[in-house]
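Peer 1: Have a look at this one before I ask anything.
There are 2 protein chains.
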Amino acid sequence: MSEALRPMVKSRLYEQVLERLRAHVTEAGLSAGDRLPAERDLAASLGVSRASVKQAIVVLEVQGLVEARHGGGTYLVRDTLDVEPVEQLVERRKRLPEVLEAREALETKLAELAAERRTDAELETIREALDFMRDEIAEGANGVEGDRRFHAAVTAAAHSSLLADFMKTIAQQITESRTESLRQPGRPSRSLAQHTAIYEAIAAGDAKKAAAAMRKHVRTVAKVRLLTWVPED
Amino acid sequence: MSEALRPMVKSRLYEQVLERLRAHVTEAGLSAGDRLPAERDLAASLGVSRASVKQAIVVLEVQGLVEARHGGGTYLVRDTLDVEPVEQLVERRKRLPEVLEAREALETKLAELAAERRTDAELETIREALDFMRDEIAEGANGVEGDRRFHAAVTAAAHSSLLADFMKTIAQQITESRTESLRQPGRPSRSLAQHTAIYEAIAAGDAKKAAAAMRKHVRTVAKVRLLTWVPED
DNA sequence: CCGGTCAAGTGGCTCAGCCACTATGCCACC
DNA sequence: GGTGGCATAGTGGCTGAGCCACTTGACCGG
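Residue numbers (the UniProt record's numbering), protein chains in the order written: chain H, 1 to 233; chain P, 1 to 233.
Here it is in structure tokens:
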């Protein structure tokens with residue numbers, strides 16, 4: 001435990017920027033959906049380079065606290081930039097099984113409706129999402145954006161604004177489970193295969209088969225997720 | 001949920017770099033302590049700018065998977081760059097209370113011994129750690145490095161290689177609880193005050209008071225941490 | 001009122017370069 | 001022999017300028 005052997009660790013610049021950003025959000029009373037100052041402005045007012053500001057924003061991005069839209073600004077996802085306390089994270093995990101049950105009910109019905117009601121244009125959009133996910137995986141990404149698009153396209157094709165609204169209320173939690181699920185080795189390609197099966201059923205107009213395929217898919221995701229949760233000692 | 005309204009989200013470049021880095025570590029069979037290629041080399045071989053490589057490395061840094069030493073290269077902390085599965089994280093949380101109990105026992109005794117055995121030079125090192133943490137907090141950081149140095153200095157001043165070895169075996173888990181604890185609002189300054197009390201007792205050679213101050217400090221940390229753990233439904 | 005166009009604003013990314021720090025090997029000196 | 005100092009190359013930290021792609025909103029013509 002000799003001290004002298006350890007390197008001198010100065011805090012990195014981006015960490016200080018992070019602190020200032022958190023403080024700014026708190027002081028300015030910003031809340032979810034509000035826009036952060038532009039990177040150039042932040043760099044100027046903090047007296048650092050844009051690259052350092054960007055590093056800080058990347059950190060906030062991977063922590064899911066901020067969403068940077070190319071050309072459109074950077075937006076707050078929550079009311080604060082503080083990392084979520086473990087307590088709340090555990091709390092949310094406990095509610096997750098319910099969310100996944102709800103998702104199964106909703107998406108199964110959505111797939112069924114989509115098979116019956118989809119227009120050719122909507123079918124095409126679903127297929128594009130499939131292609132997009134395939135490209136993502138080929139590039140080495142996990143396909144999370146393609147996955148999101150696929151489910152969004154199916155939802156749109158079902159032409160049920162009520163079911164779509166329900167989906168919206170659990171969208172955030174679904175996003176989280178999606179990311180975690182697709183991080184499992186081998187998951188992206190298996191998920192793509194299941195999407196393909198759903199697509200084919202919808203393309204064929206086979207409502208029953210589409211519902212079954214979607215149910216199987218959602219249950220797979222739920223299973224992966226539940227394995228990571230240990231409810232008690 | 002119309003798809004066309006959503007921005008075209010191409011995966012950010014740094015995310016792709018991240019994937020390639022993970023793959024490289026796996027394929028090259030690198031393990032903890034090994035050095036990653038230099039940023040310039042990575043940028044060249046991946047065909048991206050150094051800024052993008054750096055963004056990816058910053059992500060790995062905040063995830064604790066990598067340690068970048070200014071001028072000395074970037075090193076692997078674990079044998080992999082994959083984020084820790086939630087399952088293992090939960091497992092470790094369950095063991096944490098034991099670790100904190102052990103820490104209380106060890107550090108209390110270490111403080112006591114330090115008060116009796118410390119040399120003037122060692123006392124000076126402890127004071128420097130205190131000053132360092134104060135500066136960190138003044139700069140807006142959370143003081144985690146100063147905290148680490150303080151406890152390391154006290155351990156060294158105790159002149160007990162056996163106790164020091166015991167501390168080493170739980171060092172990793174202590175580091176994690178340290179980081180999390182100091183993230184709580186107001187914690188850094190309160191922690192600094194407790195450190196000061198410990199320092200003064202050691203400086204005065206008051207073993208009993210030093211032990212008591214250290215016990216109080218460690219228990220405070222343990223309390224903060226335990227609040228975040230919900231053992232059952 | 002609608003739809004198209006255009007300019008300003010913004011994030012994504014690159015390039016070139018300087019600085020601070022580290023690691024290494026060499027060399028003078030003891 | 002080895003020990004300490006020192007130069008040098010390598011490396012991460014950070015900057016500034018700049019280009020591109022995309023979004024946004026205002027403006028204008030129909």
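Note that beta-carbon positions come from the ideal geometry of N, C-alpha and C, so glycine has one too.
Just to confirm, is the Cβ distance from residue 211 of chain H to residue 119 of chain H under 7 Å?
Peer 2: no
Peer 1: Does residue 151 of chain P pass the burial test, meaning 16 or more other C-beta atoms within 10 Å, or should it be called exposed?
Peer 2: Counting Cβ neighbours within 10 Å, residue 151 of chain P comes out buried, since at least 16 surround it.
Peer 1: Does DSSP put residue 29 of chain H in a helix, in a strand, or in coil?
Peer 2: coil
Peer 1: Measure the CB-CB distance between residue 112 of chain P and residue 204 of chain P and report whether it falls below 7 Å.
Peer 2: Against a cut-off of 7 Å, the Cβ pair of residue 204 of chain P and residue 112 of chain P comes out as no contact.
Peer 1: Suppose you measure from the CA of residue 167 of chain H to the CA of residue 106 of chain H; what does that come to, to the nearest Å?
Peer 2: 7 Å
Peer 1: Label residue 191 of chain P either buried or exposed according to how many other C-beta atoms from any shown protein chain fall within 10 Å of its C-beta, with 16 as the threshold for buried.
Peer 2: buried
Peer 1: Contact between the segment 135–150 of chain H and the segment 178–189 of chain H is defined here as three or more beta-carbon pairs at a separation below 8 Å; is this criterion met?
Peer 2: yes
Peer 1: Any Cβ of chain P within less than 7 Å of the Cβ of residue 51 of chain H?
Peer 2: yes
Peer 1: Near residue 64 of chain P, which residues of its chain fall below 7 Å by C-beta distance, leaving aside the five closest residues on each side in sequence?
Peer 2: 77
Peer 1: Pull up the distance between the alpha-carbon of residue 181 of chain P and that of residue 218 of chain P, whole angstroms please.
Peer 2: 11 Å
Peer 1: Spatial neighbours of residue 22 of chain P within its chain, please: C-beta separation below 8 Å, excluding the five flanking residues on both sides.
Peer 2: The residues 80, 81 and 82, in chain order, have a CB closer than 8 Å to that of residue 22 of chain P in the same chain once the five nearest residues on each side in sequence are set aside.
Peer 1: What residues in the segment 138–162 of chain P bring their beta carbon closer than 8 Å to a beta carbon of chain H?
Peer 2: So the close ones are 139, 140, 141, 145, 149, 152, 153, 155 and 156.
Peer 1: Under 8 Å Cβ-Cβ, which residues of chain P neighbour residue 11 of chain H?
Peer 2: 136, 139, 141 and 145
Peer 1: Quick one: residues in its chain with C-beta nearer than 6 Å to the C-beta of residue 157 of chain H, no 5 flanking neighbours on either side, listed in chain order?
Peer 2: 114, 118 and 122
Peer 1: Applying the 10 Å Cβ sphere with the 16-neighbour rule, what's the burial state of residue 54 of chain P?
Peer 2: By the Cβ neighbour-count rule, residue 54 of chain P is buried, with 16 or more other Cβ atoms within 10 Å of its own.
Peer 1: For residue 221 of chain P, return the contacting residues in chain H, with the cut-off set at a CB-CB distance below 7 Å.
Peer 2: The contacting residues do not exist; residue 221 of chain P stays about 14 Å from chain H at best.
Peer 1: Leaving out five residues before and five after residue 209 of chain H in sequence, what residues of the same chain have Cβ atoms less than 6 Å from its Cβ?
Peer 2: 201
Peer 1: Look at the alpha carbon of residue 25 of chain H and the alpha carbon of residue 31 of chain H, and state the distance between them as a whole number of angstroms.
Peer 2: 8 Å
Peer 1: Does the beta-carbon distance from residue 17 of chain P to residue 56 of chain P come in below 7 Å?
Peer 2: yes
Peer 1: What residues in its chain sit with their C-beta under 8 Å from that of residue 61 of chain P, if we drop five residues either side in the sequence?
Peer 2: Excluding sequence neighbours, residue 61 of chain P sits near 67 and 68.
Peer 1: Could you tell me which chain P residues have their CB closer than 9 Å to the CB of residue 54 of chain H, listed as they occur along the chain?
Peer 2: 51 and 55
Peer 1: How about residue 77 of chain P: is its C-beta nearer than 7 Å to some C-beta of chain H?
Peer 2: no
Peer 1: Could you work out which residues of chain P lie near residue 14 of chain H, taking near to mean beta carbons separated by less than 7 Å?
Peer 2: Chain P residues near residue 14 of chain H: 58.
Peer 1: At which residues does the beta strand (DSSP E) containing residue 200 of chain H begin and terminate?
Peer 2: Segment 187–204 is the alpha helix (DSSP H) holding residue 200 of chain H; no beta strand (DSSP E) there.
Peer 1: Please indicate yes or no: does the CB of residue 158 of chain P lie closer than 6 Å to some heavy atom of the ligand NAD?
Peer 2: You won't find the ligand NAD in this model; it holds no ligand whatsoever.
Peer 1: Any idea what DSSP makes of residue 66 of chain P, helix, strand or coil?
Peer 2: strand
Peer 1: Is there a Cβ from chain H that is less than 7 Å from the Cβ of residue 62 of chain P?
Peer 2: yes
Peer 1: Buried or exposed for residue 169 of chain P, please, with buried defined as at least 16 other CB atoms from any protein chain shown within 10 angstroms of its CB.
Peer 2: With fewer than 16 Cβ atoms within 10 Å of its Cβ, residue 169 of chain P is classed as exposed.
Peer 1: Are residue 13 of chain P and residue 59 of chain P closer than 7 Å when you measure CB to CB?
Peer 2: no
Peer 1: Closer than 7 Å by C-beta to residue 227 of chain H: which residues in its own chain qualify, once you throw out the five before and the five after it? Chain order, please.
Peer 2: Confidence is the limiting factor: at residue 227 of chain H the pLDDT is only 48, short of 50, which leaves the residue's position unreliable, though a coordinate-based value still follows. Only residues of its own chain outside the window of five on either side were considered, and among them none has a CB closer than 7 Å to the CB of residue 227 of chain H.
Peer 1: Would you call residue 165 of chain P buried or exposed, if buried means 16 or more other Cβ atoms sit within 10 Å of its Cβ?
Peer 2: exposed
Peer 1: Between the alpha carbons of residue 15 of chain H and residue 52 of chain H, how many angstroms are there, rounded?
Peer 2: Computed Cα separation, rounded: 9 Å.
Peer 1: Using a Cβ cut-off of 8 Å, pull out every chain P residue sitting near residue 19 of chain H, in sequence order please.
Peer 2: 140 and 141
Peer 1: Closest to residue 196 of chain P by C-alpha separation, out of P/110, P/101, P/147 and P/27, would be which residue?
Peer 2: P/147
Peer 1: On a CA-only basis, which of H/137, H/99 and H/161 is nearest residue 183 of chain H? Give me that one, please.
Peer 2: Answer by Cα proximity: H/137.
Peer 1: Secondary structure at residue 73 of chain H, three-state DSSP: helix, strand or coil?
Peer 2: strand
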